[in-house]
Amino acid sequence: MQARKLQDFLISTVTLLRDTIKNKKAIIPLNGSVFSFVLAKITKIALNKNLICIYIDNGMMRHNEVANKIHFLGKNLILKYDILMLKSCS
1 MQARKLQDFL
11 ISTVTLLRDT
21 IKNKKAIIPL
31 NGSVFSFVLA
41 KITKIALNKN
51 LICIYIDNGM
61 MRHNEVANKI
71 HFLGKNLILK
81 YDILMLKSCS
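Numbering (the UniProt record's numbering), first residue to last: 1 to 90.
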């Protein structure tokens, strides 16, 4: 029963995104959290080439964590992305 509810949620969400955004482009900021990756994947299903993912590197990640997340994005989620590196303002 739970799988059916999830499938219904995904179908309705993808339909809503397609109907709302139509042929326009959308930007999803990725910060490395599971939530941002799930949001990006669902939006990718809905919009395909009209999705622009921007991975935000705020400089606060552990050593090699950015590289690991980027590898995961490309290989497992099959998302195209740009990287935005934030620098300290101090």
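Each residue gets a CB set at the ideal place from its N, CA and C atoms; glycine is no exception.
For residue i, the nearest candidate out of the options (CA to CA)
{"i": "residue 42", "options": "71, 14, 72", "result": "14"}
{"i": "residue 39", "options": "66, 2, 17, 4", "result": "17"}
{"i": "residue 10", "options": "54, 33, 46, 29", "result": "46"}
{"i": "residue 44", "options": "28, 5, 34", "result": "28"}
Supposed close pair residue i, residue j - CB separation, criterion 8 Å
{"i": "residue 50", "j": "residue 24", "result": "7 Å"}
{"i": "residue 52", "j": "residue 26", "result": "7 Å"}
Residues near residue i in its chain [Cβ-Cβ closer than 8 Å; skip 5 each side]
{"i": "residue 21", "result": "46, 47, 50"}
Proximity below 8 Å, CB of residue i to CB of residue j
{"i": "residue 31", "j": "residue 70", "result": "no"}
Can you give, in chain order, each stretch of the beta strand (DSSP E) that sits fully within the region 20-82 and has at least 3 residues? Secondary structure remark: continuous beta strand (DSSP E) runs of at least 3 residues inside the region 20-82, in chain order: 26-30, 51-57.
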